[in-house]
Amino acid sequence: YFVFILSLLLFSLPVQAKEPVTEEKLEVARKILDIAPASEQLDLAVKGLETRVPSAKRAQFRRIIRDAVDVDRLSAAALLSMAEIFTLKELEAMYAYQSSDEGKAIQEKLPIYQEELKPVIEAMLREAMVEMQKNNVPFQ
7 YFVFILSLLL FSLPVQAKEP VTEEKLEVAR KILDIAPASE QLDLAVKGLE TRVPSAKRAQ
67 FRRIIRDAVD VDRLSAAALL SMAEIFTLKE LEAMYAYQSS DEGKAIQEKL PIYQEELKPV
127 IEAMLREAMV EMQKNNVPFQ
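First residue of the sequence shown: 7, per the numbering used here; consecutive thereafter.
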């Protein structure tokens, strides 16, 4: 069910044209990934998700996720995506934010914040889906 909600949110985002990839953008993106490596981002995401797993199974849950994810491939994809999606100015702002003490603290707290909002969003989306069904609004 969570995957459906996540898909709904992700695939409803507007599509943007990709930015040209330059060496300068790749350099800033690398600096961002040095501060916030993909492996750490994965760990933060898993930390947020593991609250949904019984305590006795959390270590196993983390191990399965880590074994399933190719961190080098994830890092390469993150680097290219950042260079394609963000402008140089946006990447520089992201670097300034993520390298600040406040940015680091926010990044650590973000999964907790998202986890707390998730039930509220899910409940609202369930209500919306019921309304769509009542009003015969097709959704695929």
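The C-beta atom is built at its ideal place from N, Cα and C for all residues, glycine as well.
Go ahead and label residue i buried or exposed: buried means 16 or more other beta carbons lie within 10 angstroms of its beta carbon, across all protein chains shown.
{"i": "leucine 123", "result": "exposed"}
{"i": "alanine 134", "result": "exposed"}
{"i": "proline 117", "result": "buried"}
{"i": "alanine 35", "result": "buried"}
At the level of alpha carbons, what is the spacing between residue i and residue j?
{"i": "alanine 129", "j": "asparagine 142", "result": "20 Å"}
{"i": "lysine 31", "j": "alanine 89", "result": "6 Å"}
{"i": "leucine 97", "j": "lysine 140", "result": "44 Å"}
{"i": "arginine 64", "j": "isoleucine 71", "result": "11 Å"}
Cα-Cα, which of the options is closest to residue i?
{"i": "phenylalanine 67", "options": "Lys53, Asp78 and Val77", "result": "Lys53"}
{"i": "glutamine 120", "options": "Ser87, Ala44, Thr57 and Ala42", "result": "Thr57"}
For the stretch 84-108, list the alpha helix (DSSP H) runs that are entirely contained and at least 4 residues long, ordered along the chain. 94-105
Go through the stretch 27-60 residue by residue and report every complete run of the alpha helix (DSSP H) that reaches 4 residues or more, in order. 29-41 and 44-55
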